[in-house]
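I have placed the structure first, in the form of structure tokens, so that the comments after it can refer back to it.
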Amino acid sequence: MIPTGMQLTDEEVQKVGIVASSLAQAACVAGIENGRCQRCQQRSLVALPDGRQYCSACLTMGRVTSRTKLYRFPSGPSEGGTLTWSGTLTGPQAAAAAAAIASVTAGRDHLLWAVTGAGKTEMLFPLIAHELGNRKRVAVATPRIDVVLELAPRLQAAFEGTPVAVLYGGAEWPAQPAALTVATTHQLLRYYRHFDLIIVDEVDAFPYSQTPMLAAAVAQANRGPTVYLSATPPKALQRAVRRHQIGVSYLTRRFHGFALPLPTLVVLPLKQVPKRLSPKLSRLLQAAVQGRQCLLFVPRIDWLAPLAAALNTQGLRVQTAHAEDPARVATVQAFRAGEFDVLITTTILERGVTIPRCSVLVLAADDRQFSASGLIQMAGRAGRSQASPNDPVWFVARHITKAMLSARHQIHALNAVGS
Amino acid sequence: MTCLWCGQPLRTDPPLAGLLTWRPLTPPQLCARCLARFTPIAPRTACPGCGRADSPALCADCQRWESSGQVLLHHRAYFRYTAAMKAFIQQYKGLGDYRLHGAFASVLQLSARGAALVPLPSEPAHYARRGFDPVVGLFGHLKLSFWLVKADTAVPQAQKTRAERLLTAQSFTAQLPVHPPPRVILLDDLYTTGRTLYHAQAALRAAGYAGEITSRSLIR
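Going line by line, the protein sequences match chains A and B. Here the first sequence stands for residues 1 to 419, numbered as in the UniProt record's numbering. Here the second sequence stands for residues 1 to 220, numbered as in the UniProt record's numbering.
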């Protein structure tokens with residue numbers, strides 16, 4: 001394989017069998033220097049009994065110890081690529097894409113603040129095509145592997161004939177350097193000053209938001225500007241926008257042109273949940289499945305089974321899904337096909353799920369598990385289709401929290417900007 | 001303190017009795033939920049020879065060891081080799097995450113009174129690569145006796161089939177103190193076929209040890 005622009009440990013170099021001539025061109029640095037891991041730039045070192053240290057931050061990518069050597073292979077321009085997608089963008093989408101291109105050309109970072117269901121991926125096509133036309137290297141990175149698997153075929157279809165590398169844990173490394181890369185943010189740790197543009201999708205999603213290492217990985221793999229994509233950008237990005245440090249374009253309307261459904265806050269005693277449902281809550285749930293399916297979010301995995309049993313006694317067809325559920329993908333598919341009424345789930349399904357006619361009910365929305373951005377994402381599961389843009393959203397809680405108010409306020413503000 | 005496996009904050013309430021004895025405190029390093037992922041082996045129903053779960057009579061493996069002239073080790077193991085345990089071993093030994101070494105310290109409690117706790121050492125090449133000895137790490141909170149030395153072998157046990165494992169040649173040598181205690185408990189991380197532990201037993205006998213030899217491992 002040709003390791004253009006990669007950053008590999010001596011063990012990885014040996015495993016994939018890199019020829020001596022390309023190894024001679026690589027810059028070689030010590031794995032740990034000045035109390036910092038040189039692969040991920042973090043300071044979370046752990047001592048070993050034999051006197052060495054290793055980095056615990058990037059351990060899942062293979063251990064870097066003080067004896068490891070890191071090879072940084074030189075990079076260069078790509079062979080380019082062309083857009084073969086023949087669809088058209090709506091007016092606001094095209095405007096947002098043009099603003100992003102302007103920022104990137106000026107070498108500035110850019111935030112694409114697009115509401116849930118705005119058609120973000122299509123908006124990226126002109127930007128990527130513009131960069132590839134200049135023989136630049138582009139990466140689309142996201143913290144979530146399921147988003148990578150969903151994006152990769154869509155991008156490959158839009159750029160037919162352009163080599164697209166798909167990187168995630170356990171995937172084969174590309175034999176040839178590709179012009180366009182779709183990767184999890186973790187995989188960017190294996191690149192050094194390689195990309196001219198990195199587009200980070202779902203910046204506020206777990207684990208990117210909680211892991212400073214991943215932001216460092218993006219910064220290190222990049223040699224040009226970064227474009228961030230989010231429906232709920234983190235505070236730091238919002239601040240950078242206010243200070244005009246980065247460019248911004250808003251997309252406050254969904255592709256179908258309707259406003260986002262505004263959540264209704266419902267205060268109810270939830271003491272007996274999840275074992276028993278109060279009459280009020282039962283009535284609310286019956287209203288939620290009236291002519292629709294319902295996504296029911298709960299804060300804890302151990303609520304799933306008793307709640308499903310309680311709903312079953314009311315004659316509703318119920319299934320559950322959570323992060324460690326091996327049948328998760330199949331359950332969601334069955335839900336999409338309309339095989340049952342209520343899907344009870346944890347925050348795992350707050351992103352990337354599109355059900356045509358679907359109401360959303362967040363139970364115990366005052367739980368500390370639910371942040372404002374998480375609540376906005378969950379509310380964003382409703383009203384995604386043209387046929388039913390006004391699906392109801394309820395936040396049911398014992399108390400009203402700051403996160404709930406903030407979520408409602410932000411949705412309201414985005415709707416106001418859009419009208 | 002946070003749980004070594006899930007990173008959630010750990011609340012420990014040491015029992016009063018634990019505070020009043022002179023024994024060193026070993027507070028749990030895993031939270032209750034993470035510890036519950038691992039399946040313990042009930043000693044009552046385990047095989048008397050090798051500690052295999054749900055085998056109250058001597059299992060076929062042990063009968064084979066016995067018929068080949070071995071004195072049984074009366075092995076005891078703490079946990080089954082479930083998917084959760086495989087994930088733990090992969091993280092600890094495979095990736096080399098030494099932070100996990102104390103994860104089961106509160107479970108692996110053994111008295112060194114009247115007995116020598118002898119860990120099975122790792123090969124020099126493996127130690128050089130990992131930077132730590134996995135068995136010594138797991139049992140590091142106990143008073144250990146380092147009597148055994150292991151020579152390098154061509155292929156690690158983990159990469160062999162069952163038949164190949166059983167054919168492995170002896171690679172242990174033992175050095176005994178002048179007055180060894182009457183009992184020895186061999187310590188290992190994983191009991192699969194028993195080949196390694198019986199080799200260690202043979203090495204101790206070859207060095208002239210005449211006392212009782214039993215064994216323990218984290219996993220069976």
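Backbone N, C-alpha and C fix where the C-beta goes; we use that ideal spot for every residue, glycine too.
Please tell me whether Thr320(A) and Ala308(A) are closer than 8 Å, where the distance is taken between their beta carbons. Yes, they are a contact pair.
Considering Trp113(A), what are the terminal residues of the beta strand (DSSP E) in which it resides? Segment His110 to Ala114, the beta strand (DSSP E) holding Trp113(A).
Compute the Euclidean distance between the alpha carbons of Tyr92(B) and Met85(B), then round it to the nearest angstrom. In a straight line, the C-alpha of Tyr92(B) is about 10 Å away from that of Met85(B).
Hey, how far is the Cα of Val248(A) from the Cα of Leu89(A)? The straight-line gap from Cα to Cα measures roughly 18 Å.
Excluding the five sequence neighbours on either side, which residues of its own chain have a C-beta within less than 7 Å of the C-beta of Val241(A), listed in chain order? If we look at Val241(A) and ignore the five residues flanking it on each side, its Cβ neighbours are Leu111 and Val248.
Could you give the DSSP three-state label for Asp189(B): helix, strand or coil? Three-state DSSP puts Asp189(B) in a strand.
Please determine, among Thr116(A), Phe125(A) and Pro74(A), the residue with the shortest C-alpha to C-alpha distance to Ala97(A). A check of alpha carbon separations from Ala97(A) across Thr116(A), Phe125(A) and Pro74(A) identifies Phe125(A) as the nearest.
Take Thr181(A) and list the residues in its own chain whose beta-carbon comes closer than 6 Å to its own, dropping the five residues that flank it on each side. Around Thr181(A): Ala139 and Ala165.
CA-CA distance, Val115(A) and Ala231(A)? Those two C-alpha atoms are separated by around 5 Å.
DSSP has Leu8(A) in a bridge; who is on the other side? Per the DSSP secondary-structure output, Leu8(A) pairs in a beta bridge with Tyr71(A).
Pro392(A) to Leu295(A), Cα distance in whole Å? For Pro392(A) and Leu295(A), the gap between their C-alpha atoms comes out near 11 Å.
Rounded to whole angstroms, what is the Cα-Cα separation between Phe132(B) and Leu30(B)? Their Cα atoms are separated by approximately 21 Å.
Mind listing the chain B neighbours of Thr65(A)? Cutoff is C-beta to C-beta under 9 Å, in chain order. Result: Gly96 and Gly131.
Along the alpha helix (DSSP H) that carries Arg368(A), what are the first and last residues, could you check? In the DSSP annotation of this structure, Arg368(A) is not part of any alpha helix (DSSP H), being labelled neither H nor E.
Rounded to whole angstroms, what is the Cα-Cα separation between Arg63(A) and Ser56(A)? Arg63(A) and Ser56(A) have their alpha carbons spaced roughly 8 Å apart.
Over the uninterrupted alpha helix (DSSP H) stretch that includes Val218(A), give me the two end residues. Note, Val218(A): alpha helix (DSSP H), Pro212 to Ala221.
In the stretch 47-64 of chain B, which residues sit with their C-beta less than 9 Å from some C-beta in chain A, listed in chain order? So the list is empty, because no residue satisfies the distance condition.
Looking at C-alpha atoms only, which residue of Pro9(B), Gln8(B), Pro24(B) and Phe139(B) is the closest neighbour of Pro15(B)? Of Pro9(B), Gln8(B), Pro24(B) and Phe139(B), the smallest CA-CA separation from Pro15(B) is found for Pro24(B).
Does the separation of the CB atoms of Ile213(B) and Leu100(B) fall below 8 Å? With respect to the 8 Å criterion, Ile213(B) and Leu100(B) are not classified as neighbours on the basis of their beta carbons.
Less than 8 Å between the CB atoms is what I'm expecting for Leu361(A) and Val396(A), so what's the real figure, rounded? Indeed they touch by this definition, with Cβ atoms about 6 Å apart.
Whose CA, out of Lys143(B), Pro182(B), Pro124(B) and Gly137(B), lies closest to the CA of Ala154(B)? Closest by alpha carbon: Pro124(B).
Determine whether the Cβ of Arg99(B) lies closer than 8 Å to any Cβ atom of chain A. Among the residues facing chain A, Arg99(B) is included, as its CB has a counterpart in that chain under 8 Å away.
Neighbour flag for Pro143(A) against chain B, beta carbons, 8 Å: No, because no Cβ of chain B sits closer than 8 Å to the Cβ of Pro143(A).
Alpha helix (DSSP H) containing Ala335(A): first to last residue? Going by the sequence as given, residue 335(A) is Phe instead of Ala. Phe335(A) -> alpha helix (DSSP H) spans Arg328 to Arg336.
What does DSSP give as the partner residue(s) for residue 222(B) in the beta ladder? Because residue 222(B) is not part of the residues shown, which for chain B are 1 to 220, the question remains open.
Is there at least one Cβ from chain B nearer than 8 Å to Tyr54(A)'s Cβ? Yes, its Cβ sits closer than 8 Å to a Cβ of chain B.
Taking all protein chains shown into account, do 16 or more other C-beta atoms lie within 10 angstroms of the C-beta of Val178(B), making it buried, or fewer, making it exposed? Exposed, since its Cβ has fewer than 16 Cβ neighbours within 10 Å.
Where Asp50(A) meets chain B, residues with beta-carbon distance less than 9 Å: In chain order: Tyr127, Ala128, Arg130, Gly131 and Phe132.
Span of the beta strand (DSSP E) around Leu218(B): Leu218(B) -> beta strand (DSSP E) spans Glu212 to Ile219.
Could you confirm whether any beta carbon from chain B is found closer than 8 Å to the beta carbon of Val46(A)? So, interface residue.
Using a cut-off of 7 Å between C-beta atoms, extract the partners of Leu59(A) located in chain B. Neighbours of Leu59(A) on chain B, chain order: Leu95 and Asp97.
Going by beta-carbon coordinates alone, are Thr9(A) and Gly35(A) separated by less than 8 Å? Result no, Cβ atoms of Thr9(A) and Gly35(A) do not sit closer than 8 Å.
Which residue marks the beginning of the beta strand (DSSP E) containing residue 497(A), and which one marks its end? Outside the shown range of chain A, which is 1 to 419, sits residue 497(A), and nothing can be said about it.
Under DSSP, the alpha helix (DSSP H) around Ile101(A) begins and ends at which residues? Ile101(A) -> alpha helix (DSSP H) spans Gly91 to Thr105.
Can you pull the DSSP bridge partners for Pro40(B)? Residue pairing for Pro40(B): DSSP places it in a beta bridge opposite Phe79(B).
Suppose only complete runs of 3+ residues qualify. What are the beta strand (DSSP E) ranges in the stretch 116-194 of chain B, listed by chain order? Counting only runs of 3+ residues, the beta strand (DSSP E) found wholly inside the stretch 116-194 of chain B occupies 148-150, 172-174 and 183-190, in chain order.
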